[in-house]
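Residue numbers (this note's numbering), protein chains in the order written: chain R, 25 to 247; chain P, 42 to 261.
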């Protein structure tokens, strides 16, 4: 069955698209200009939700990996793969939007800031993950190994973050630290954006799992 | 059973000396490359030395890890081993500990030429130096044994191993390099103990993860 033939899914997609359009409109017109940052600050309504979604997605990869190893149900393998793909797509966006903000604010596009560095390291691990998926050979074995990489990668995140944080203690000017003190005209659109991107992520994830399921069925039926 | 598995790893290596000799020879060629590539004054060398040292160790560890699992492929020895009634977690622990021992021996042999050829005149606290080597080895090998265990049984293992290992092991490389800077500059231990603690945390976490998960790597 086509995914969007299900009314629930098409309503969800329509709602998310509407929310996204409102989000962009609010960010451009309603949110105040932050002194010294001007338009550059506006990318944070996209950058932070995208980063949150990326890490959420890699968390899903880990949970799906654990469930796959325990239950041996290929549904969880497909969830893991779909989340890994989306996580890497969102991570790419983080690595693009981060330098766009950093260039006017820090004067250079790349700084070894702990969050950005952790994201880059995860991105590199996932390049290996997809190479393993693609070129690893035996599909059943590769599914198990991918689950293990997903678990190991996420367990590594806090240690990577801590070590990079202590490695470059001078870089602490990340704006999210001051978030609590922000006025509601910044906070409300920010959280609205966070919700919108999370809902967008969920529908994307479900759609991707659906496609992977169809592919799996096609391969099984030898079509 | 752990000791039997460890003895097996040690005996194979004592007979063939394949892993240690390859790591040592490769390490020497890396030192040569460093000496040519960074042909500058010894003072600048001293600044770079901790980083260069751990790059070299990471490179030779990858080579060693590859050899450690490659000989298991011959005559399908690995399948025979996992078909024995052995706790698979213990296979992981034996691989890890033997890897640390091989790397440690190689390091003891490679530190003198490293200091000599890069003209580094250092006075180091030997005990702290050995502690640092041991922690670095435990860290690199704990994740290395896990990743090479799965890379070995996949296609393109020689490519997948470093691509997966290098980013995952980055906390150890950062911590080991920073701690070595403290050691080389003869800073008091408390100033760089945080890095030893980070390495310790990494080692404990991945030893437990590896022990638990290795069962799924060895499944047929």
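Glycine residues also receive a C-beta, built at the ideal position from the N, C-alpha and C atoms.
Euclidean distance between Cα positions of residue i and residue j
i	j	result
residue 97 of chain P	residue 116 of chain P	32 Å
residue 204 of chain P	residue 208 of chain R	44 Å
residue 161 of chain R	residue 195 of chain P	6 Å
residue 129 of chain R	residue 212 of chain P	28 Å
residue 239 of chain P	residue 246 of chain P	11 Å
residue 251 of chain P	residue 258 of chain P	10 Å
residue 92 of chain R	residue 164 of chain R	11 Å
residue 201 of chain R	residue 138 of chain R	Because residue 201 of chain R carries a pLDDT of 49, less than 50, the predicted location of this residue cannot be relied on, and the following value inherits that uncertainty. Rounded to whole angstroms, residue 201 of chain R to residue 138 of chain R spans 13 Å at the Cα level.
residue 53 of chain R	residue 134 of chain P	59 Å
residue 118 of chain R	residue 126 of chain P	47 Å
residue 66 of chain P	residue 124 of chain R	45 Å
residue 61 of chain R	residue 55 of chain R	13 Å
residue 51 of chain R	residue 84 of chain P	53 Å
residue 94 of chain P	residue 53 of chain P	28 Å
residue 227 of chain P	residue 159 of chain P	19 Å
residue 113 of chain P	residue 119 of chain P	5 Å
residue 78 of chain R	residue 46 of chain P	41 Å
residue 106 of chain P	residue 200 of chain P	13 Å
residue 104 of chain P	residue 149 of chain P	17 Å
residue 89 of chain R	residue 230 of chain P	40 Å
residue 241 of chain P	residue 173 of chain P	11 Å
residue 170 of chain P	residue 177 of chain P	11 Å
residue 148 of chain R	residue 112 of chain R	9 Å
residue 189 of chain R	residue 140 of chain R	11 Å
Where residue i sits in the DSSP three-state scheme
i	result
residue 164 of chain P	coil
residue 210 of chain P	coil
residue 201 of chain R	Unreliable placement is indicated for residue 201 of chain R, whose pLDDT of 49 sits below 50; the coordinate value is still reported in the next sentence. In the structure shown, residue 201 of chain R sits in a helix (DSSP, three-state: H, G or I).
residue 58 of chain R	strand
residue 37 of chain R	helix
residue 44 of chain P	helix
residue 178 of chain P	helix
residue 161 of chain R	coil
residue 197 of chain P	coil
residue 127 of chain P	coil
residue 231 of chain R	helix
residue 159 of chain P	coil
residue 96 of chain R	coil
residue 139 of chain R	helix
residue 52 of chain P	helix
residue 247 of chain P	helix
residue 58 of chain P	coil
residue 109 of chain R	helix
Chain P contact for residue i (CB, 8 Å cutoff)
i	result
residue 161 of chain R	yes
residue 191 of chain R	yes
residue 101 of chain R	no
residue 139 of chain R	no
residue 155 of chain R	yes
residue 187 of chain R	yes
residue 91 of chain R	no
residue 169 of chain R	yes
residue 201 of chain R	In this predicted model, residue 201 of chain R has a pLDDT of only 49, less than 50, meaning its place in the structure is not dependable; the value taken from the coordinates is given anyway. Cβ-Cβ to chain P under 8 Å: no for residue 201 of chain R.
residue 105 of chain R	no
Within 8 Å, strictly: CB atoms of residue i and residue j
i	j	result
residue 146 of chain P	residue 61 of chain P	yes
residue 184 of chain R	residue 254 of chain P	no
residue 170 of chain R	residue 153 of chain R	yes
residue 236 of chain P	residue 220 of chain P	yes
residue 37 of chain R	residue 219 of chain R	no
residue 109 of chain P	residue 68 of chain P	no
residue 142 of chain R	residue 115 of chain R	no
residue 191 of chain R	residue 215 of chain P	yes
residue 143 of chain P	residue 64 of chain P	yes
residue 177 of chain R	residue 69 of chain R	no
residue 85 of chain R	residue 233 of chain R	no
residue 90 of chain P	residue 210 of chain P	no
residue 223 of chain R	residue 72 of chain R	no
residue 188 of chain P	residue 202 of chain P	yes
residue 167 of chain R	residue 101 of chain R	yes
residue 157 of chain R	residue 105 of chain R	yes
residue 208 of chain P	residue 145 of chain R	yes
Any chain R beta carbon closer than 8 Å to residue i
i	result
residue 257 of chain P	yes
residue 113 of chain P	no
residue 260 of chain P	yes
residue 132 of chain P	no
residue 250 of chain P	yes
residue 93 of chain P	no
residue 106 of chain P	no
residue 156 of chain P	no
Residue i Cβ short of 7 Å to the ligand SAM heavy atom set
i	result
residue 58 of chain R	The ligand SAM is not part of the structure shown, which contains no ligands of any sort.
* **Chain-ordered residues of the segment 228-242 of chain P with a beta carbon less than 8 Å from chain R** => 235, 236, 239 and 242
* Using Cβ-Cβ distances below 8 Å, what residues of the segment 193-223 of chain P are close to chain R? -> 194, 195, 196, 197, 200, 201, 204, 205, 207, 208, 209, 211, 212, 215, 216 and 219
* To do: Return the residues of the segment 109-121 of chain R that lie within a Cβ-Cβ distance of less than 8 Å from chain P, sorted by chain order.
  => Answer in chain order: no residues at all.
* Taking only beta carbons into account, state which residues of the segment 39-53 of chain R come closer than 7 Å to chain P, listed in chain order. => none
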